[in-house]
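Numbering (the numbering used here), first residue to last: 11 to 178.
Each residue gets a CB set at the ideal place from its N, CA and C atoms; glycine is no exception.
Values in this document were obtained by computation on a predicted structure and should not be read as measured data.
To keep things clear, I will list the structure first and then write my remarks on it.
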């Protein structure tokens with residue numbers, strides 16, 4: 011799937027991504043989403059996106075963090091770009107280990123079959139855009155694209171705050 015990123019996962023953007031995972035940083039996360047919308051909006055508008063959703067977090071992790079940063083990023087993006095939203099369309103069906111602590115091969119295993127599409131009829135035949143905070147190995151976004159395509163999505167694209175390199 012095509013992935014658009016605001017920038018590389020380093021320096022200030024990396025700091026911002028890490029801060030956006032904290033419940034005290036809701037305003038920052040919304041602002042980062044709005045920035046994504048401003049910067050990437052013109053490009054997104056040419057993509058004929060029919061539905062936009064966010065990478066889901068397991069309820070236990072959401073509860074621990076007190077936040078679902080990807081949902082706030084999504085809200086920020088659509089404050090700038092008009093896109094049809096289905097924010098709770100994807101569900102994380104089991105608690106996964108934190109991707110950042112794993113090797114590339116482990117990352118793919120960790121998220122294998124971890125997600126499901128709540129209402130497949132919602133995505134059938136559509137171009138779906140998935141919002142996430144950071145992409146390193148691509149394991150999570152690949153797995154989400156797989157379940158969305160299985161549910162009948164015509165095309166899946168991604169937009170992320172930052173794109174990093176996976177150190178193996």
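For the region 129-140 against the region 43-61, are there 3 or more C-beta pairs whose distance is under 8 Å? yes
Given residue 29, which residues of its chain have a CB within under 7 Å of its CB, disregarding the five upstream and five downstream residues? 35, 38
Mapping DSSP to helix, strand and coil, what is residue 168? strand
If you draw a straight line from the C-alpha of residue 97 to the C-alpha of residue 139, how long is it? 11 Å
By Cβ distance below 8 Å, which residues in the same chain neighbour residue 33 in space, the five residues on each side in sequence not counted? 75, 76, 77
Pick helix, strand or coil for residue 56, following the three-state DSSP scheme. coil
Who are the near neighbours of residue 104 in its chain, counting only those whose CB is closer than 6 Å to its CB and skipping five residues on each side? 124
Please tell me whether residue 54 and residue 141 are closer than 8 Å, where the distance is taken between their beta carbons. no
Just reading off the alpha helix (DSSP H) that residue 66 is part of, what are its end residues? That residue, residue 66, is in no alpha helix (DSSP H); it is neither H nor E in DSSP.
In three-state terms, what does DSSP make of residue 146? coil
Please work out which residues of its chain come closer than 6 Å, Cβ to Cβ, to residue 117, disregarding the five sequence neighbours upstream and downstream, and give them in chain order. 109, 147, 149
Residue from 22, 25, 66 whose Cα sits closest to the Cα of residue 101: 66
Let me know the secondary structure DSSP gives residue 18 once reduced to three states. strand
Label residue 12 either buried or exposed according to how many other C-beta atoms from any shown protein chain fall within 10 Å of its C-beta, with 16 as the threshold for buried. exposed
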